[in-house]
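First comes the structure, then the notes that go with it.
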Ligand code: AMP
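Okay, here's the thing in structure tokens:
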């Protein structure tokens, strides 16, 4: 059977031209299934994760439906709600790409940045708002935006909205919308409260589901590093060096640990940055930009901050903690091994505390992940990719770190636990995040 094309979906020639410029050859599964229904003005529930092309699945038909109108001051016609600022920015980037031959304007309405510019844009009139709920509510309450002309609503990553406690805000926002409008809701999973929200929101919706990523990519080699919690920082620094890590995501469960790990890596001479929700929007945008441009090689982050960030060329993922939600493990390690490239994922595991999370992950992915005894072996066996760059064979074990990335370390044998140097720069005073007691 011939694969469907974007032309088959009935999109406007100006949108097809923009898609051709981006270089997409065929619609992804969610795009192929959702776009025709959306163009028929149906309400749609899309059950799809990041990476499936879901953003195109709603932005492409949205710009088609909304094109041709005249923007009125403070009265947008399209509204996309996202849980995070980064995701909002990515949706805006998509709209910019796909609508480049259309006469459509959009504005990003997110917190953490000055309101004044957003207010000015709204006054002048924009067709589509891409917003996080908090800032939109603020502007709505101040009368800077009126939502009674919204014809097209998208709620993106609804399950994350739920996790982040945004559902009451969303219900309030919906209360300001006119009854006659088209609604789309995208979510990776459909927990009860999201089903209820969809029932309230939608009129006889069409549900479209594409394969969940409960399986991990064959391109990603997975390893568990079994290690007591308080040794994780030292081990991370060793592994980053010994595995010849170039670019990596380092995931933490707790925001408070993120800066600490990033600082420890920087002190060890590793080019690292931190990304989490407590940082100002300017710093988040700047850090993300630097990571995308390769100016920061290693990004220490939370699930939420990294959610939806679309960066294809990352060689390694480290989980400093196993995620409590097994599906997050699949999301996290799916940050590497993209676009046919190989990747490596290392997860620090401290037993017995992590046992239940590990069981859930192995059950979900139906794989028993290889274990490395981290307390004995500081230098994991490199995967083939790393091996190519590995150190000369004849190097003695004792100076095995001399070829590593420059990190300040005394002449200790890393295999000897008692001899592992204190994390550089902290002396005997271990900060809390390094001694996360379990
Ligand atoms: P998303 O699931 O929306 O986060 O999209 C994941 C990635 O897929 C993004 O890098 C998109 O640029 C890319 N993408 C979206 N649609 C297509 C398509 N039809 N063909 C190839 N890549 C696509």
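Residue numbers (the numbering used here): 554 to 991.
Using N, Cα and C, we set each Cβ at its ideal position, and we do this for glycine too.
All figures in this text were calculated on a predicted structure; none of them were measured in a lab.
- Following the DSSP letters along the chain, one finds residue 638 inside the alpha helix (DSSP H) bounded by residues 638-651.
- Put simply, the region 675-690 touches the region 631-639. At least three CB pairs are less than 8 Å apart.
- With a cutoff of 8 Å on beta-carbon distance, residue 849 and residue 823 are scored as not near each other.
- Only buried fits residue 897, as 16 or more other CB atoms lie within 10 angstroms of its CB.
- Residue burial annotation: residue 586 is buried, with at least 16 other C-beta atoms found within 10 angstroms of its C-beta.
- The residues 638, 641, 685 and 688, in chain order, have a CB closer than 6 Å to that of residue 663 in the same chain once the five nearest residues on each side in sequence are set aside.
- With a beta-carbon spacing of about 18 Å, residue 837 and residue 867 fall beyond the 8 Å limit used to define contacts.
- In the three-state scheme derived from DSSP, where H, G and I count as helix and E and B as strand, residue 628 is classed as strand.
- Distances between the C-beta of residue 580 and the heavy atoms of ligand 1 include at least one below 7 Å.
- For residue 915, the enclosing alpha helix (DSSP H) starts and ends at 908-918.
- As the crow flies, the alpha-carbon of residue 895 is around 12 Å from that of residue 870.
- Shortest gap from the CB of residue 607 to any heavy atom of ligand 1: under 7 Å.
- Residues 686, 687 and 690 of the same chain have their beta carbon placed closer than 7 Å to that of residue 722, with the five preceding and five following residues left out of the count.
- Per DSSP, the unbroken beta strand (DSSP E) holding residue 900 starts and ends at 896-902.
- Its chain contains 654 as the residues whose beta carbon lies nearer than 7 Å to that of residue 570, once the 5 sequence neighbours on both sides are disregarded; these appear in chain order.
- In this structure the region 776-790 lies against the region 917-928, because at least three pairs of beta carbons, one per stretch, are closer than 8 Å.
- Relative to ligand 1, residue 890 has its C-beta separated by 7 Å or more from all heavy atoms.
- Looking only at 735, 712 and 656, the smallest Cα-Cα distance to residue 749 is reached by 712.
- Ranking 740, 729 and 621 by CA distance to the CA of residue 708 puts 740 first.
- Burial check for residue 920: the Cβ neighbour count within 10 Å stays below 16, so the residue is exposed.
- Where residue 567 is concerned, the enclosing alpha helix (DSSP H) starts and stops at 566-575.
- Residue pairing for residue 839: DSSP places it in no beta bridge.
- When the alpha-carbon of residue 650 is set against those of 827, 613 and 627, the nearest one is in 613.
- With fewer than 16 other CB atoms across the displayed protein chains lying within 10 angstroms of its CB, residue 695 is exposed.
- In the same chain as residue 657, and ignoring 5 residues on each side of it, the C-beta atoms closer than 7 Å to its own belong to 616, 619, 620, 680 and 681, in chain order.
- Here the distance from the Cβ of residue 563 to the nearest heavy atom of ligand 1 is not below 7 Å.
- The straight-line gap separating the alpha-carbon atoms of residue 597 and residue 911 is approximately 35 Å.
- Taking residue 565 as the centre and dropping the five residues before and after it, the same chain places the C-beta of 617, 620 and 655 closer than 8 Å to its C-beta, in chain order.
- Taking the C-beta atoms as reference points, residue 880 is found nearer than 8 Å to residue 917.
- Setting aside the 5 residues that flank it on each side, residue 557 is surrounded in the same chain by 579, 580 and 585, each with a C-beta closer than 8 Å to its C-beta; the list follows chain order.
- In the assembly as shown, residue 831 is an exposed residue. Its beta-carbon has fewer than 16 other beta-carbons within 10 Å.
- Here residue 762 carries a strand assignment [DSSP, helix/strand/coil].
- Following the DSSP letters along the chain, one finds residue 599 in no alpha helix (DSSP H) but inside the beta strand (DSSP E) bounded by residues 597-600.
- Within the chosen limit of 7 Å, ligand 1 does not reach the beta carbon of residue 558 with any heavy atom.
- If only uninterrupted beta strand (DSSP E) runs of at least 3 residues are considered, those enclosed by the region 660-695 are 681-684.
- Look at residue 833 here: in three-state DSSP terms it is coil, with no helix or strand label.
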